[in-house]
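**Student:** Counted the way the numbering used here counts, the sequence shown spans residues 168 to 451.
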Amino acid sequence: MKDRTLYLSEKEGLEVIRDGPSLWIKEEGKAGWRVPLPLVGHVVIIGNVRLDASTITLFTENNIPVTFMDKKGNEIALTIPCNHGLNSHYEEQKSLLAHEERIERYKNWLISERRKVQLKVIWKLSRRMGLSVRKIGLREEAYRTFIKKCISAPEKRSKIVKSVISGFFKEMILKSVISAGLDPHIGIYNRRDNFGMVLDIFIAIEPEVDLQAVQFLRTARVEDYVVFSSTGWELTSAGMRDVVQRFENKKKLTQRLIDSILDGLFETMRNLRSLPARRSELIS
């Protein structure tokens, strides 16, 4: 099953080349190894990794999204197949923008999904806070304040960690959105943004990013893993391995959460189609 993520992180002497329908990975001082593409569902490239253009083509030919990140966790680029036939729900997504009431109800649904995830995260981090929230409810500002209190590391370090984890989550969401036949660029909350639908789904799932960041910063050797270099703060190779391992350990749970939100999205689209459309939609 194509659910594995291939992580390629900057290393001295690392080179990735296309070898027929597979990848051949070479590393200085080590024997090369082959990666059969049918095993790969996602690719994350971190830092300056040497690879030829045909390798990127191989990924896109097989509907495998590729995320390019720097060591600071910034997403540099995303590549996806240029195949408009994948977006079988394009018209349904576009119809959500046909009426203000549809947009408003969609946004309310998305925020309610975010609240559900926030409550689960709070409960995992603090039973006391969880009980309090059950009594008085939860506001976005209160949630953000709570997460900040849970993070003991300086903001510059914690920001790098969260940025890297966010990139991994968005890459998973992108793959799921494409697999579901949705247009990744038609968002409602993030309207007119590149990968708008990916960013919409990320709004709902972002509290899980907070949870993984808090857990990493509480237990990891942050001072050894997040260091200041000539280009600013960045994760070391050991720190990146730790983040990746934690992310992979929870990957099945993350996928179930993404699938649940996408199921809710399709149900919401069906329900909102019953609302009246604008005259322009009726004409088209």
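We put the CB at the ideal spot given by N, CA and C, even for glycine.
Within 8 Å, do at least three Cβ pairs link the segment 367 to 378 to the segment 328 to 340?
**Tutor:** yes
**Student:** Can the beta-carbon of Lys417 be found less than 8 Å from the beta-carbon of Ile355?
**Tutor:** no
**Student:** Report the start-end ranges of each beta strand (DSSP E) in the segment 331 to 401 that is 3 residues or longer and not cut off at the edges.
**Tutor:** 393 to 396
**Student:** Anyone know if the C-beta pair for Met339 and His352 falls short of 8 Å?
**Tutor:** no
**Student:** Going by the CB atoms, is the gap between Val410 and Leu455 shorter than 8 Å?
**Tutor:** Nothing about residue 455 can be read from this structure; the chain reaches only from 168 to 451.
**Student:** Can you pull the DSSP bridge partners for Pro203?
**Tutor:** Ser189
**Student:** Which partner residues does Val183 have in the DSSP bridge list?
**Tutor:** Ile192 and Leu218
**Student:** Three or more beta-carbon pairs under 8 Å between the segment 183 to 201 and the segment 293 to 305, yes or no?
**Tutor:** no
**Student:** How far does the alpha helix (DSSP H) with Arg171 in it reach, from first residue to last?
**Tutor:** Per DSSP, Arg171 belongs to no alpha helix (DSSP H); it is in the beta strand (DSSP E), Arg171 to Ser176.
**Student:** Check whether the Cβ atoms of Trp400 and Lys315 sit closer than 8 Å, and answer yes or no.
**Tutor:** no
**Student:** What are the complete alpha helix (DSSP H) segments, minimum 4 residues, inside the segment 266 to 316?
**Tutor:** The segment 266 to 316 contains these whole alpha helix (DSSP H) runs: 267 to 292 and 294 to 303.
**Student:** Counting along the chain, where does the alpha helix (DSSP H) carrying Ile428 start and finish?
**Tutor:** DSSP places Ile428 inside the alpha helix (DSSP H), whose first and last residues are Lys418 to Leu439.
**Student:** Nearest to Gln379 by CA position, among Tyr392, Arg413, Val393 and Ser319, is which residue?
**Tutor:** Arg413
**Student:** When the distance is taken between beta carbons, is Leu245 closer than 8 Å to Arg217?
**Tutor:** In this structure, the beta-carbon distance from Arg217 to Leu245 does not fall below 8 Å.
**Student:** Measure how close the beta-carbons of Ile184 and Asp219 come, nearest whole angstrom, since I'm counting them as under 8 Å.
**Tutor:** About 6 Å separates the two Cβ atoms, so the contact holds.
**Student:** Looking only at its chain, what residues have a beta carbon closer than 7 Å to the beta carbon of Ala320, apart from the 5 residues adjacent to it on each side?
**Tutor:** Here the set comprises Leu384 and Val389.
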